[in-house]
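Okay, so here's the structure we're looking at.
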Amino acid sequence: MIPASFDYEVAESVEHALALLGADPDAKVLAGGHSLVPALKLRVSRPSKLVDIGRLSDLAYVRDAGSQLAIGALTRHAAVQGDPLLQEHCPIVSSTAGKVGDPQVRHRGTIGGSLAHGDPASDLPAVILALDAELVIVGAGGERTVAAADFFTGVFQTAVGPGELLTEIRIPKLGDATGWSYLKYHRRAQDWATVGVAAIVHRDNGTATSASVALTNMGGTTLRAASVEAAVAAGSSPAEAAAHAAEGAEPASDTAASAEFRAHLARVLTERALMEALA
Amino acid sequence: MSATETWGIGAPLKRKEDDPLLRGRGTYVDNIDLPGTVVMVVVRSPYAHARITSIDTSAAKAAEGVVAVYTGADLRDDWKAAMPCAWPVTEDMKNPEHFPLAVSEVNYQGDGVAVVLADTRAHAVDAAELVDVDYEVLDAIVDVAAAAEDGATLVHEELGTNVSYVWPLESGTFDESADVIVKHTYIQPPLIPNAIEPRGVVARPEPGGDVTLWSATQIPHILRLLTAATLGMSETKLRVIAPDVGGGFGSKLDVYAEELLAVAIARRLGTPVKWIEERSENALATIHGRDFVTTLELAATKDGKITSLRANVIASMGAYLQLVTPGIPLLGAWIYAGPYEIPNYSVTFTGVFTNTTPTDAYRGAGRPEATYVLERTMDLLAKELGMDRVELRRKNFITEFPATIASGLTIDSGDHHASLDRLLEHLGLEELEAEQQARRDRGDTKQIGIGFSTYNEMCGLAPSRILGAIRYAAGGWETATIRCLPTGTFQVVTGTSPHGQGHETAWSQIVADQLGCDPSEVEVLHGDTSISPYGLDTYGSRSLPVGGAALWSAGEKIIEKAREIVAHQLEVAADDLEYEAGTFTVKGSPDKEMTVKGAAWAAFAAHNLPDGMEPNLEATATYDPPNFSWPGGAHAAVVEVDTGTGDARLIRYVAIDDVGTVVNPLIVDGQVHGGITQGIATALYEEAIYDEDGNLANGTMAMYLVPSAAELPSYELDRTETKATDHPFGAKGVGETGTIAAAPAVINAVIDALSHLGVTDIQMPATPERVWRAIEEAQQ
Amino acid sequence: MHPVTLTVNGARHELELEPRDLLVHVLREQLSLTGTNIGCDTSSCGACTVLLDGQSVKSCTILGVQADGAAITTIEGLATGGELHPVQQAFHDHHALQCGYCTPGMVMAAVSLIENGEAGDRDSIRSGLEGNLCRCTGYHNIVEAIAEVAGATS
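Protein chains in written order, with this note's numbering: chain A, 1282 to 1560; chain B, 2 to 781; chain C, 48 to 201.
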């Protein structure tokens, strides 16, 4: 559990971080470290240098931005979980942050680090995707905003390119007519999701008029369950819509579950998530 | 409450061991930091089966901080004998030659091929990556049943077979024409013991060629004997110390390669050598448990009297025979009939090599394997007979004790009806069944099930003559010394070697009760071969049944010598003295008295002892148990199964155990809690998963599912107390009961929850996927 | 090597660290605070839990350099004078430890849980211990000990 050697520099500002990253293509960004340090310890990640952005405290915030809430990338899971703005306007994010890892992980891990890691088994990506969130990325060329649908590009790969930083996540405020649910199946409380389902449902008189549904660990990235969404929009019941949950998904088989069982879980959890969001 | 009730045998005395552990002042091996230490890292095979074609250590030797690099060939001449297996269960048992580092062939993923020694842990890890090993990969065999078949890929080609031994035990003839015969095959997967402290060793060379070895071991005495033998050292040259040890569960009951390597290399280099196992390394390099495929048959009359039992057991040895690998299945051989009277009895064990981590003792060792298949089959038989499963158990209980059972042993004591009665008092079975029916009636997604396990076990290893008869290399006695110090305090030296069990507290209570002192006045020394030269250590729930009895016997010797001293001092006949709780009084003159402490002072001063008596009041006793220890009980699990996700979770667990006399109920309950938890984990969570090439697929704590508090309920415990008649104060073992009883109770409960859907079988662990598939298959 | 200042159990330490030095190794090997144990290599077992600026963290998953300027409390710093912290005392009273190896991490996790008001009932306590593994006790008595200190309602 001893990492291979690497260099280390503390970024004093976003600009400083970008300059450090730009100078070394094999450098990696260190935020809370709760995705990266475990990989370093097993030596599956061997960066030349770590650029520690953990002291950029002005990137830890949750702000009201009109129709959106803006979350600084360095906001720790525990802070997201306990944030009153999020609890009021977008509780699926605060609630899901409380399901990441364990208390010790939530005290250190950051929302930006978790999203930028691009782990298909992480919980927050599905929530961000279902919310159609926007992610702010800065690089040498300036700042750009990427839709969640374009952010997760592959297994442990995101739109954050070499020399870039994820700085902010913008999520919509959910109105009273919008229900939500994130359901995660895992064997032990501390485990990653075997399968997770995030559902945002627009309700009218107890029925769903539309839904956004995104899945955790049903492929190389989090993905939208488009067939489910189409079925809901066409007036299908949760059970009928959920039957489509695994369509187009290519989940892995591993020691937690076979691909076939993951598809089953996706259907079961999607129905339950839709029901919970409707309730 | 009398004094004895607050601190003697039976009192819930808080543990003496706790304070340093709670303050972070434990002495675990990794906390030992000796000047000049070099750190050892083992380079391990990534392949389950391969020939070593070459090893290039030059880059590693040149790396920063490296002191030495050795391959198996470099060290071959250091070993005067192969790694020890102390239990050749048959005369013709096959035992492949096995050295601490492989020389020409690796036989499981994790088999050691080289060691790197460096000034720091980081440098050793860095250099280990530079050891360049070329392998010729060979076909591997993982599945134990397949490995037992003719024509299977061979683990050790030189043996010509994967079968290490076949060991039968037969009494009577199976009733093939019985009214009812049930037969079922069960898979019990390999398990990783996962003591939270991984293994670790420090070996320090001493002047004159001696070596002191600290090891996270359960068996300092056996380790000393066999390390000395393997290295060709005089036993007197080696001192072994088991400091605070962070759990064992059988996994530290072994003589491991790294212990031998550390001693050999410390002697070569003349510096202390330290090796600390990493967790993922532990998953490969520390023994596994279970990995059995068992077919059990029960024959019964139509009114439910069981007449015959037949078991065919195929047990994986893994790649090599470790200390007691071949004997583990046999530890269950006598109890496949459990607490039931079954006149015709036949069990056959086939020990088989596979390209997996060697198996050896894991909590229960042979007895969970027996109890699991029996209790599962009891439910199958009840169903086949259309009989209530509780009634079937009652109908077949052994009721007369001592009872000589068909397998040939004699159970001294027990009361299975009492345990079961008590269980049913606590359980509220009618309400649970009503709840179950209500959920079934309304088609609830979440169903509940109730599962039973009534069990007995044989532990307290073990009568030496029996061990000899079954070809175990050593005896099963234990030794204890009590020294009554002049200040009125007591020093106890025990040959047991606790690693969490609380012997210091319990042994103090025994001495306090017997010799009349406060437990705080007793010092208990253990785990150091220089302090306790004789001992056979801690495993198999033997410490109280054997080590506690040795202590009691030493106490009796103390009382007898003290009686002579007191009689002499008080000028009365020894027969005129009455003894109770540390004080001798003269019959008819209750004002004339003298305590054991007083006798200790008199023996120390030695001014006025009987003619010819040696000064000092000290006694050593070695106790060879006349019988095994036979705890038993009745457990019930209540599970909730989510029929959508397949998730099965415990919602209640009720355990009634009968462990005879209880020395400390806090400690006994703690043993039961922990034991149950490992049984539940076996039933629902844990399994070492190998791919077909022999790669361990879940060898980290992130993937091997040791459950946390969040997955488990609090437990409901109670006891019945049937004193052991073959123990001086009636105690029985308790370390393994929970693990032995729990797994079948839980699986029976899961099946019960789904029985209305047609489910009759689920393999352990009952993962959500297995539950889902069982439901799917039953519905088709 | 990087200069790092740590305040551990109230004592300030100026250290020179390699970037790859894990906080747990710094505590154990450089500061000789061996009460914090290492039980795994995947951030799963929680044996290495300490308080960092008052919050429970796994010291195996934090680089020493990341902790620069932080205040750390380890198990050695929990008792005041000779007197055990209430959580330590409750672990003793309830026989909530056997081999003791997970105990320092379990105690530190419990202290954080109680201070954060997340130990109101036994279910919350069990959930809150999800990141700490014990192989001896089955957790029963650990939950009882924490429930007593937290004044858990059920």
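The beta carbon of each residue, even a glycine, is placed where N, CA and C say it ideally should be.
Subject >> Exposure of C/Gly116, with buried meaning 16 or more beta-carbon neighbours within 10 Å >> reply: The residue is exposed, with fewer than 16 neighbouring Cβ atoms inside 10 Å.
Original post:
Closer than 8 Å, CB to CB, is B/Gly415 near chain A or not?
Top reply: no
Subject >> Beta-carbon proximity list for B/Val391, same chain, < 6 Å, skipping 5 on both sides >> reply: So the list is empty, once near-sequence residues are dropped.
Original post:
For the candidate residues A/Leu1323, A/Asp1307, A/Val1325, whose alpha-carbon lies nearest to that of A/Val1332?
Top reply: A/Asp1307
Subject >> C/His190 at chain B interface by Cβ criterion, 8 Å >> reply: Looking at the sequence shown, residue 190 of chain C is not His but Val. Taking Cβ atoms only, chain B reaches closer than 8 Å to C/Val190, which makes this a yes.
Original post:
Within 10 angstroms of its Cβ, does B/Asp659 collect 16 or more other Cβ (buried), or is it exposed?
Top reply: Looking at its Cβ environment, which holds 16 or more other Cβ atoms inside 10 Å, B/Asp659 is buried.
Original post:
Among all the DSSP beta bridges, which residues are the ones paired with A/Gln1349?
Top reply: A/Ala1346, A/Pro1453
Subject >> Distance CB(B/Leu23)-CB(B/Ala284) smaller than 8 Å >> reply: no
**OP:** Under 7 Å between beta-carbons, which chain B residues line up against A/Leu1546? List them in chain order, please.
**Re:** Thr646
Original post:
Checking contacts by CB at 8 Å: is A/Arg1344 closer than that to chain C?
Top reply: no
Subject >> At least 3 beta-carbon pairs within less than 8 Å: the region 603-622 of chain B vs the region 546-562 of chain B >> reply: yes
Original post:
For B/Val90, which of B/Pro714, B/Phe350, B/Glu401, B/Ala606 has the nearest alpha-carbon?
Top reply: B/Phe350
Original post:
Buried or exposed: where does A/Gln1438 fall if 16 or more other Cβ atoms within 10 Å of its Cβ makes it buried?
Top reply: exposed
Original post:
Once you ignore the five residues that flank A/Val1318 on each side, which residues in its own chain have a CB closer than 7 Å to its CB?
Top reply: none
Subject >> Between the CA atoms of B/Met318 and C/Gly129 - distance to the nearest angstrom >> reply: So the two alpha carbons sit approximately 50 Å from each other.
Subject >> Through-space distance from A/Val1509 to A/Ala1524, alpha-carbon basis >> reply: 8 Å
Original post:
Rounded C-beta distance between B/Val241 and B/Leu214? I'm assuming under 8 Å.
Top reply: 5 Å
Original post:
Going by the CB atoms, is the gap between B/Val573 and B/Glu524 shorter than 8 Å?
Top reply: Going by beta carbons, B/Glu524 and B/Val573 fall outside the 8 Å limit.
**OP:** Mind the definition here: the region 1501-1518 of chain A touches the region 1414-1427 of chain A only if three or more C-beta pairs lie below 8 Å; say whether that holds.
**Re:** no
**OP:** Taking 8 Å as the cut-off, decide whether the C-beta atoms of B/Asp79 and B/Ala265 are in contact.
**Re:** yes
Original post:
Taking only beta-carbon atoms, is A/Lys1322 less than 8 Å away from chain C?
Top reply: yes
Original post:
Thinking just about the alpha-carbon of each residue, which of B/Gly173, B/Pro616, B/Thr480 is nearest to the one in B/Pro487?
Top reply: B/Pro616
Original post:
Hey, is C/Ile161's beta-carbon within less than 8 Å of any beta-carbon in chain B?
Top reply: So, not an interface residue.
Original post:
Do B/Val132 and B/Thr58 have their CB atoms nearer than 8 Å?
Top reply: yes
**OP:** Report the residues of the region 182-210 of chain B with a CB closer than 7 Å to any CB of chain A, ordered along the chain.
**Re:** none
Original post:
Whose CA, out of B/Gln510, B/Ile467, B/Arg377, B/Ala435, lies closest to the CA of B/Phe453?
Top reply: B/Arg377
Original post:
With burial defined as no fewer than 16 other Cβ atoms inside 10 Å of the residue's Cβ, what is the status of B/Met2: buried or exposed?
Top reply: Note on B/Met2: pLDDT 42, under 50, position unreliable in the model; the coordinate value appears next. Classification of B/Met2: exposed, given that the 10 Å Cβ count is below 16.
**OP:** List in chain order: all unbroken alpha helix (DSSP H) runs of 4+ residues lying wholly within the region 1402-1448 of chain A.
**Re:** 1405-1411, 1429-1432
Subject >> Beta-bridge pairing of C/His49 - partner residues as DSSP gives them >> reply: Looking at the DSSP assignment, C/His49 forms a beta bridge with C/Leu64.
**OP:** Taking only beta-carbon positions, decide if C/Ala197 is within less than 8 Å of chain A.
**Re:** no
Original post:
So B/Glu722 and B/Val663 are in contact, right, with Cβ under 8 Å, and what is the actual spacing, rounded?
Top reply: 7 Å
Original post:
Going by C-alpha distance, which of B/Leu322, B/Asn749, B/Ala338, B/Gly599 is nearest B/Arg650?
Top reply: B/Asn749
Subject >> Contact belief for B/Val751 with B/Ile763 at Cβ below 8 Å, rounded distance in angstroms >> reply: The C-beta distance from B/Val751 to B/Ile763 rounds to 6 Å, short enough to fall under 8 Å.
**OP:** Count the other C-beta atoms from every protein chain shown that fall within 10 angstroms of the C-beta of B/Arg466, then say buried if there are 16 or more, exposed otherwise.
**Re:** With fewer than 16 neighbouring CB atoms inside 10 Å of its own CB, B/Arg466 falls in the exposed class.
**OP:** Would you grab the beta carbon distance between A/Ala1360 and A/Trp1461 for me? Rounded to a whole angstrom, and I think it's under 8 Å.
**Re:** At roughly 20 Å, the Cβ-Cβ gap does not stay under 8 Å, so A/Ala1360 and A/Trp1461 are not in contact.
Subject >> Neighbourhood of C/Pro133 by C-beta distance below 7 Å, restricted to the same chain and skipping five residues each side >> reply: Val196
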